[in-house]
Amino acid sequence: MPIKLSTYLKNTYGEKIYRLSLSSGCSCPNRDGSLIMADGKPSYGGCTFCSEGGSGEFAQMIKEPEEIAGQLEKAKARIAEKTDARRFIAYFQSYTNTYGDPDRLYALYKEVIERDDIEILSIGTRPDCISEDILDMLKKLNAIKPVWVELGLQTIHERTAKHINRGYELSVFQDTYRRLKEAGITVIVHVILGLPGETKEDMLETVRFLAELSPALDGIKLQNLNILKGTVMAREYEDYLKNPEDAEFPFHIMSMEEYTDLIAECLALLPKETVVHRMTGDGPRALLIEPLWVTDKKRVLNMLTAKCALAFLEQK
Ligand code: SF4
């Protein structure tokens with residue numbers, strides 16, 4: 000049985016640790032054209048579900064490493080309005096936070112990780128953006144304090160991966176996972192449930208694959224597909240609604256009931272070593288087209304609790 004993140008953090012640090020959403024100023028190779036796709040063309044579109052903010056709408060962008068201190072203080076001030084938080088995870092979520100000059104990134108992340116109020120450095124990225132230089136950088140940082148690398152896999156199915164323009168194959172993920180684990184880095188994998196054309200069995204296969212990884216997966220983020228305004232997927236969804244019969248990749252917007260049932264099944268597959276970092280999506284409300292029930296997080300969590308999914312996650 001897996002454990003939920005808040006329990007893991009409390010057991011490890013003895014108190015609640017809060018997340019600060021920060022921005023490294025990196026772009027994404029799947030959006031700026033530097034990634035060359037299988038057809039030989041550069042990719043500018045990004046993953047089809049990804050919004051302008053690069054899947055992380057909450058942090059401010061920075062251009063120079065020196066700006067990070069100001070960004071951190073602002074993020075802390077926002078949290079301080081609601082809590083008495085003292086210790087934090089520095090979370091670089093949006094875009095691809097290992098896509099850039101390793102020296103610049105090292106300077107930026109070192110400044111962050113060496114602060115007394117930061118316990119963990121968490122870096123969201125793509126598996127095809129972990130060069131040997133970047134791996135060395137992560138190892139050096141990990142020697143200071145724990146470094147978490149969050150990989151956006153979303154699905155193990157190549158057909159879906161191609162359709163959502165992910166831009167790398169499963170073998171790339173497998174290789175990067177092995178290298179990161181050999182380097183002693185904590186790896187968290189993002190999965191999207193409800194991608195167009197995927198059946199429930201397809202989704203469970205992705206989770207089963209991750210549950211069987213060796214060495215065991217450190218953490219997982221499960222989230223429902225959020226269709227966001229302005230994305231390629233939003234246009235595809237609009238087209239789908241006009242002509243659902245002909246769709247090669249049909250959309251199925253899960254109800255809250257259906258989604259929470261699925262989460263309970265996914266959790267039951269995961270080993271006890273794995274920490275569950277997320278079970279729902281938290282996309283920006285203003286951009287959300289479907290599913291609208293995700294905005295009612297409390298109800299979703301209550302439903303999960305009712306289905307016993309959270310009861311076992313509370314175990315120590
Ligand atoms: S989801 Fe991540 S990898 Fe995909 S386009 Fe957006 S920032 Fe790039």
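Residue numbering for the sequence shown follows numbering that gives the first Met the number 0, starting at 0 and increasing by one per position. Idealized CB from N, CA, C, for every residue including glycine.
Check: Residue closest to T304, alpha-carbon to alpha-carbon, out of D115, L266 and R114; Outcome: L266
Check: Closer than 8 angstroms: T82 CB and nearest ligand 1 heavy atom; Outcome: no
Check: Which of helix, strand or coil DSSP assigns to E211; Outcome: coil
Check: Proximity winner among G69, L137 and D83, relative to D102 (alpha-carbon distances); Outcome: L137
Check: Runs of beta strand (DSSP E) wholly within the segment 132-160 (minimum 3 residues, chain order); Outcome: 146-153
Check: Stretch pair the segment 114-124 + the segment 138-152: three plus CB contacts closer than 8 angstroms; Outcome: yes
Check: Cβ-Cβ separation, M255 to R298 (assumed contact under 8 angstroms), whole Å; Outcome: 7 angstroms
Check: Contact belief for I129 with T97 at Cβ below 8 angstroms, rounded distance in angstroms; Outcome: 6 angstroms
Check: DSSP beta-bridge partners of E289; Outcome: I226
Check: Y90: CB within 8 angstroms of a non-hydrogen atom of ligand 1; Outcome: no
Check: Cα-Cα separation, C27 to F91; Outcome: 13 angstroms
Check: Straight-line gap, P145 to I112 (C-alpha atoms, nearest Å); Outcome: 9 angstroms
Check: Candidates L291, L268, E244 and P195: closest to H162 by CA position; Outcome: P195
Check: Cα-Cα separation between G13 and A106, rounded to whole angstroms; Outcome: 30 angstroms
Check: Length of the line joining the Cα atoms of K180 and Q153; Outcome: 19 angstroms
Check: Residues bridged to T185 (per DSSP); Outcome: W147
Check: Start and end residues, beta strand (DSSP E) containing I122; Outcome: I117 to T124
Check: Which listed residue (T198, L209, V190 and P290) has its alpha carbon closest to that of Y176; Outcome: L209
Check: Enclosing beta strand (DSSP E) for A89 [first to last residue]; Outcome: F87 to F91
Check: Terminal residues of the beta strand (DSSP E) in which Y17 lies; Outcome: Y17 to L21
Check: Range of the contiguous beta strand (DSSP E) that encloses R77; Outcome: Here R77 belongs to no beta strand (DSSP E); instead the alpha helix (DSSP H) covers I67 to A79.
Check: Alpha-carbon spacing of E56 relative to E200, whole angstroms; Outcome: Residue placement at E56 cannot be trusted, given a pLDDT of 48 that sits under 50; what the coordinates show is reported in the next sentence. C-alpha separation (whole angstroms): 31 angstroms.
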